[in-house]
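Student: Have a look at this one.
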Amino acid sequence: MESNIRLTIFTPTFNRAKLLLPAFEALKRQTCKDFIWMVIDDGSTDDTRNVVSQWQNEDCGFRIEYFYKENGGLQTAYVEAIKHIETELCMCVDSDDYLLDDAVERLLSFWKQYGSEAVAGIVSLDCYADGRIIGGSFPNELKTINFRKTVAGLYGRTATDIAMLYRTKCYELTTPAKKYPGETSLNASRQFLQIAQHFDMLILNEPTVVVNYQTDGVSNNKYKNYFKRPNSFADFRIFTLSMDGSRKRTYFITAMHYVSECMIAKRKLFCKELRRKGYVIAALPMGLLWYLWIKHKTKKER
């Protein structure tokens, strides 16, 4: 690996060969080419392999790496990417998103000025193609933040969307989620939360990523996903209920989701791994109502 390359931008993708072009074109426009682009093909059956192979033969100013794996979902694509990343820093850019033209330059310059082993990386902002910030900015006086506090409703923000650059070494603190037959795992937040137990992140209060939500994407199919992956979601709730330091409201909402997902999966509520059982008991009525609401919304998404 070239010694001057500090950043790997990795893109998990599944049957989105056509959508990868804007991401590739945006990378070619970067004012700083101090990065590797790693495409993690999560079991695509379209022309993704051939398309990326053609790009690898172009003189685009940066190296492109391609890794194929069996379909397992976004969380497993993160795990696969981390196996191969050798640079100091890494950043996931989803297959339907793309970087602003000077994003790499601004991120690396910011890291050079403020980065250290005392923080996990950099939080920056997402925006729409017209420049509108998604969810709003963070307060200017806030210089660092813990990932657990990037949720909607805090600091006046209305959405959770953010872009995250991490020190690759921080992923050594993480463990992958349990796999269930017939379910793929879409939630990569487990790793972020595990890192957040040890480190805060710097805030670059500027947009770096343009988000282009797709009709087949996670955001637009969240209710269907509860029914497709109930065990994976339930295990994620068990994990988040085990974490100390959250607000009571957060524990209650997590327990509500857990109740509904157990109902969908037809699994027992209580197990030896489950902590804060009192919240689960208190959330039973709301969990039932949430389950019924998910069923209703799933029918409308069909």
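Numbering-wise (the working numbering), the sequence shown opens with residue 993 and increments by one.
A virtual CB, placed ideally from N, CA and C, is assigned to each residue, including glycine.
(1) Taking the alpha-carbon positions, what's the PRO1222 to PHE1231 distance?
(2) At 3 residues or longer, and completely inside the stretch 1095-1142: list those beta strand (DSSP E) runs for me, N to C.
(3) Counting C-beta neighbours from all protein chains within 10 Å, is the total for THR1176 16 or more, i.e. buried, or is it exposed?
(4) Any idea if ASP1088 is buried or exposed, counting beta-carbon neighbours within 10 angstroms, 16 or more meaning buried?
(5) Taking GLY1123 as the reference, which of GLU1198, ARG1008, ILE1056 has the closest Cα?
(6) Less than 9 Å separating the beta-carbons of GLY1107 and LEU1194?
(7) Among all the DSSP beta bridges, which residues are the ones paired with TRP1029?
(8) Quick one: what's LYS1061 bridged to in DSSP?
(9) Using alpha carbons as the reference points, say which of THR1160, LEU1092, PRO1173 lies closest to GLY1113.
(10) Under a three-way DSSP split, which group does GLU1080 fall into?
(11) Whole angstroms is fine: what's the gap from THR1242's alpha carbon to ALA1069's?
(12) Under the rule that 16 or more other beta-carbon atoms within 10 Å means buried, what is TRP1285, buried or exposed?
(13) Can you tell me the Cβ-Cβ gap for MET1235 and LEU1185, rounded? I've got them flagged as a contact below 8 Å.
(14) Our contact map puts ALA1379 next to GLU1265 with C-beta atoms below 8 Å; I'd like the distance itself, whole angstroms only.
(15) Considering only the beta carbon of each residue, do PHE1054 and LEU1196 sit closer than 9 Å?
(16) Count the other CB atoms within 10 Å of the CB of THR1037; is the residue buried (16 or more) or exposed (fewer)?
(17) To which residues of the same chain is PHE1139 closer than 6 Å at the C-beta, ignoring the five residues directly before and after it?
(18) Have a look at GLU1164 and HIS1288 and give me their C-alpha separation to the nearest angstrom.
(19) Check GLU1175 in the structure and name its three-state DSSP category.
(20) Have a look at the DSSP bridge pairing and note the partners of ILE1154.
(21) Alpha carbon to alpha carbon, what distance is there between HIS1076 and PRO1168?
(22) Could you give the DSSP three-state label for THR1246: helix, strand or coil?
(23) With distances taken from CA atoms, which of ASP1051, ASP1034, MET1156, ILE1056 is nearest VAL1044?
(24) Using CA atoms only, rank isn't needed, just tell me which of ALA1274, HIS1190, LEU1178 is closest to LYS1216.
(25) Which of the three DSSP states, helix, strand or coil, is assigned to PRO1222?
(26) Are TYR1271 and PHE1244 touching if we call contact CB-CB under 9 Å?
(27) Using the DSSP secondary-structure output, state which residues sit across from VAL1202 in a beta bridge.
(28) When you compare only the Cα positions, how much space is there between LYS1141 and VAL1111?
(29) Taking a contact to mean a Cβ-Cβ separation below 9 Å, would you say THR1246 touches LEU1261 in this structure?
Tutor: With the given structure in hand:
(1) 14 Å
(2) 1113-1119
(3) buried
(4) buried
(5) GLU1198
(6) yes
(7) ILE1001, ILE1056
(8) ASP1034
(9) THR1160
(10) coil
(11) 27 Å
(12) exposed
(13) 7 Å
(14) This structure gives no information on residue 1379, because the portion of the chain shown stretches from 993 to 1294.
(15) no
(16) exposed
(17) PHE1184, ALA1188
(18) 40 Å
(19) coil
(20) LEU1117
(21) 16 Å
(22) helix
(23) ILE1056
(24) LEU1178
(25) helix
(26) yes
(27) TYR1090, CYS1119
(28) 15 Å
(29) no
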